[in-house]
Structure formats: structure tokens, C-alpha cells
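Participant: Position 387 of the sequence shown, counted from 1, bears residue number 387 in UniProt numbering, the numbering being contiguous throughout.
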Amino acid sequence: MKKQEQYVDNWIREQTGLGSALTAENLRAWQQERVREAEIYAAEHAAFYRDRKEALLSPEPGQHFFITAEDIRRRPEDFLCVSPKEIARIITIPTSGSTGRPKRIFFTEEDLMVTADFFTPGMAYMTEPGQLVTVFMEGEQVYSIGGLLRIALERREISTRVHGFVHDLKEAEQAAQGADCLVGVPGQMALLAKAAPKLRPKTVLLSGDYVPQSVVRRLESIWECEVFQHWGMTETGYGGGVECGAHCGYHLRDADLMIEIIHPETGESVPNGTWGEVVFSAFARKGMPLLHYRTGDIGRFCPDACGCGGVLPRLDKVMGRIENTIFLHNGDAISIHQLDEVLFALDGVHDYAAKLKQNPEATLSLTIEGDADPDMITEFIHKKWSGLEIRVNSGIVERKRKRSIVREK
Ligand SMILES: [Zn+2]
Numbered sequence: 001m002k003k004q005e006q007y008v009d010n011w012i013r014e015q016t017g018l019g020s021a022l023t024a025e026n027l028r029a030w031q032q033e034r035v036r037e038a039e040i041y042a043a044e045h046a047a048f049y050r051d052r053k054e055a056l057l058s059p060e061p062g063q064h065f066f067i068t069a070e071d072i073r074r075r076p077e078d079f080l081c082v083s084p085k086e087i088a089r090i091i092t093i094p095t096s097g098s099t100g101r102p103k104r105i106f107f108t109e110e111d112l113m114v115t116a117d118f119f120t121p122g123m124a125y126m127t128e129p130g131q132l133v134t135v136f137m138e139g140e141q142v143y144s145i146g147g148l149l150r151i152a153l154e155r156r157e158i159s160t161r162v163h164g165f166v167h168d169l170k171e172a173e174q175a176a177q178g179a180d181c182l183v184g185v186p187g188q189m190a191l192l193a194k195a196a197p198k199l200r201p202k203t204v205l206l207s208g209d210y211v212p213q214s215v216v217r218r219l220e221s222i223w224e225c226e227v228f229q230h231w232g233m234t235e236t237g238y239g240g241g242v243e244c245g246a247h248c249g250y251h252l253r254d255a256d257l258m259i260e261i262i263h264p265e266t267g268e269s270v271p272n273g274t275w276g277e278v279v280f281s282a283f284a285r286k287g288m289p290l291l292h293y294r295t296g297d298i299g300r301f302c303p304d305a306c307g308c309g310g311v312l313p314r315l316d317k318v319m320g321r322i323e324n325t326i327f328l329h330n331g332d333a334i335s336i337h338q339l340d341e342v343l344f345a346l347d348g349v350h351d352y353a354a355k356l357k358q359n360p361e362a363t364l365s366l367t368i369e370g371d372a373d374p375d376m377i378t379e380f381i382h383k384k385w386s387g388l389e390i391r392v393n394s395g396i397v398e399r400k401r402k403r404s405i406v407r408e409k
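(1) Do the stretch 245-253 and the stretch 295-314 touch if we need at least three Cβ pairs shorter than 8 Å?
(2) Determine the burial state of residue 396: buried for a count of at least 16 other Cβ atoms within 10 Å of its Cβ, exposed for fewer.
(3) List the residues that DSSP assigns as beta-bridge partners of residue 279.
(4) Please list the segments of the alpha helix (DSSP H) lying wholly inside the stretch 187-256, counting only runs of 4 or more residues, in order along the chain.
(5) Under 5 Å, CB to any heavy atom of ligand 1. Which residues pass, going along the chain?
(6) Taking C-beta to C-beta, are residue 231 and residue 318 nearer than 8 Å?
(7) With DSSP as the reference, identify every bridge partner of residue 409, one or two as the case may be.
(8) Using the beta-carbon count (16 or more within 10 Å), is residue 29 buried or exposed?
(9) Runs of 4 residues minimum, wholly inside the stretch 37-109: which ones carry the alpha helix (DSSP H) assignment?
(10) Just checking: is the beta-carbon of residue 14 within a distance shorter than 8 Å of some beta-carbon in chain D?
(11) Going by DSSP, what residues sit across from residue 358 in a beta bridge?
(12) Can you find the residues in the same chain that come closer than 7 Å, C-beta to C-beta, to residue 152, ignoring five residues on each side of it along the sequence?
(13) If you draw a straight line from the C-alpha of residue 215 to the C-alpha of residue 192, how long is it?
(14) What three-state label does DSSP hand residue 318 in the structure shown?
(15) On a Cα-Cα basis, can you pick out the residue from 363, 241, 392, 356 that is closest to residue 371?
(16) What three-state label does DSSP hand residue 375 in the structure shown?
(17) Residue 303 and residue 331: beta carbons closer than 8 Å?
(18) Out of 52, 160, 345, 23, point me to the one whose CA is closest to residue 291's CA.
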């Protein structure tokens, strides 16, 4: 649809005051100044940063200051820069493990309105004034995702119906009836498409840390719609980045967040195009500024220019979590999610198991259940990972609840 529009870039031009001087370099310099100001502010107001003032404000050469999810879990209130009565919303994120403490993230009203300010241009790629959007994400309160989308969309005269997560498919179908755009998590939207194939949203926005391409294709073919993806998490203040109509990586919320990609072991920034860990600094946040926060997400900046003509680096589709990813010596990385995308796209692959050995060249051994041609499998994998040595054999695969690539010594 509106492939040439640069809603997020234009918003950044305005927010940063860089105007027509906006380039990747000028933006990064502007962000570094904002992060510096936020570091000084945080070191003055929050116990966590005050206790690590030296490391934060004047690190030794080669040293890098980072905060982790574990730091937040341990003492979330130590990150607070305002008095608790100024906090408008606290989000508790449960831990996947059984023993770990949940993560708590605090926001002031101003912090949340800054998120709505990003949603306005972000949603412009997939909506038009006069339309209706149904949101299948949490939205009871004003400052929830649904509530903030409502505020953001009202500014462009778009109506919002906040349904909340899908529990009952019939109710969800009714809520989606007549909507021009649906916003939801991938699994639930895939389920709704199967249950209500006659719906005809023009666009769907999927949010969630990993969006399988198989879900995108299913929605496009059943609903005949255009699917957009969003990247973000509670820690970024929900919003993080969104695809434009060229569907070539996330245009980032650069006026509020500085995003970097680091090598997970050395902490050094990696060159553009190299995979690493996504780190962000939420320098615009007043309540609980997270600075140099390691997300545990695997990402990279897209090496190619975007079809919309935007000049800023975009985050490529996030590949999943560090703990499930193997970094190859040639700068590539591989995960079970990515292998799923490649292999399950082949009709002849019913199931498979994967092992990877690095010493130092990487060899991937696959056991394929089904009747796919081994040469075709090798060819498909080489398209994505040209440096891998591939061995394919056929056989019955053990069913595992949690699948992963087995690392061989
Ligand atoms: Zn673009």
C-alpha cells in the first residue's frame, strides 16, 4: 500500500529537531547526548545507578556498563528516579522459571504518553483516518497497550475497539467484525483466522518477540490482508519498532530509545549487518530509565536500504533469545526457530532433529522424517547459511516438547 511514506522517520526528524539534516550519524550523535543526560539524571536520582556512578559515567577503556533483567528482578525500586506516588502504572512480568522473582517495570504518566506519541506515526503505516482498529491485547486500563493505542489513534480520527486477549473465538470474531485493522499476538491471530476465515481486515499488526513467517503467510492467504510486524517489550515501554509498507525490518523508536547491537561475550558493538544481542537505552523515560539494558534478544541492523527510502538503520526481524541461539564463527547465527522456518516450508519435511558441531567450521547434521530430497534441503539451508557444512540422513525423530539444536563437542 503506502510504500513510499516515512511516518516514523518524519516523526524522528521533528522530535530530534534534526529536520532535513537527519542521517544515521547525526541521529546517533543526538542519541548519545540524550543518553549522557539520562545517565547523569539516573546517577543523581536512582540508587542502582548512584552505586555504580564511576562505571556508568566514566568507565575504564574497554569496560562497558550494562544492566540485565536480573538486576531489575533483584531490586526494581532501586531504578526509580521519582517518588512512588508519581508512578502511574507498574507492570509485573512473571519469570518463565519457577523460582525466579518477577520483573517489575514502573512508568509515570508522562512516560506512557511518550509511548502513545510513537504509536501515532507507527500505526499510520497500516491505518487511515476514519477507519476502525480492533486490539486483541491487554487494554482494561487507560495506560495499557489498548488504552495507549486508543489515545494514539484518536489523534488521526481512527476509532479503536479494545477487546483484550482472545479467550472465546466467537466473541473475538464479533469484535473483529467490520474492523479495518486487527492488532494481536501471532498465535491468537492465526487461530482466529482459522475460526473466522470470512473476516476481511485490510491490515493486521502482529506484536510479540518472535513472529513465524508461516503465521504471516496464513493470515495473508486466509484474510487477503497485509500483515505488519512490531517489535517491542514492556521494558522498552511497549513500543520499539514497526515495519513500513516495504516490510523490510523495524523502523525504530529512535527519538526515545537508543538501540545497539553488541557481541554477547565481549560487550563490544558489532558492525552493521552482524548478529548480536539487542541493547537499548530508554533515555526519554523519567520514572525508571533503563540505560544500556541487555534484552537477551538476538538481532542485527538490516544491511540493505529500505524500500520506503528511509535513511536510518532498521532492526531486522528479531530471531529469538540468546540462550536458544548458536553464534557461528563467520558472524552468522542459527536457531531452531530459523531452521523451522526453512524446513517446515518444505512439504516433504514432517519433522526433523538437528545437531551442530563447530571446530571451527560449522557442520549441521539433520535427521529428516519424511520424503524430502536431501539435495533440496541442503540447497535451501545454503541459501540462508552459506558457510554451513550440511549432512542429511533420514530417520524417525524423537518427539520432544522443547525442541532445540543439539550442540556437539
Ligand atoms: Zn521502510
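The beta-carbon is built from N, C-alpha and C at its ideal position, and this holds for glycine as well.
Facilitator: The relevant details are as follows:
(1) As far as the Cβ criterion goes, the stretch 245-253 touches the stretch 295-314, which means the pair count is three or higher.
(2) Classification of residue 396: exposed, given that the 10 Å Cβ count is below 16.
(3) According to DSSP, which records beta bridges pairwise, residue 279 is partnered with 260, 294.
(4) 213-223, all fully within the stretch 187-256.
(5) Cβ atoms closer than 5 Å to ligand 1 belong to 244, 246, 306, 308, 310.
(6) Yes, Cβ-Cβ distance for residue 231 and residue 318 is below 8 Å.
(7) BP columns for residue 409 are empty, so no partner.
(8) Exposed: under 16 other Cβ atoms inside 10 Å.
(9) DSSP runs (the alpha helix (DSSP H)) wholly in the stretch 37-109: 47-51, 53-57, 69-74.
(10) Going by chain labels, chain D is absent from the structure shown, which holds only one protein chain.
(11) Note: residue 358 sits in a beta bridge opposite 362.
(12) Excluding sequence neighbours, residue 152 sits near 116, 119, 120, 123.
(13) Rounded to the nearest whole angstrom, the CA to CA distance from residue 215 to residue 192 is 11 Å.
(14) Three-state DSSP puts residue 318 in coil, outside helix and strand.
(15) The shortest Cα separation from residue 371 among 363, 241, 392, 356 belongs to 392.
(16) Here residue 375 sits in helix by DSSP.
(17) Between residue 303 and residue 331, the C-beta spacing is not below 8 Å.
(18) Taking only the C-alpha atoms, the option nearest residue 291 is 52.
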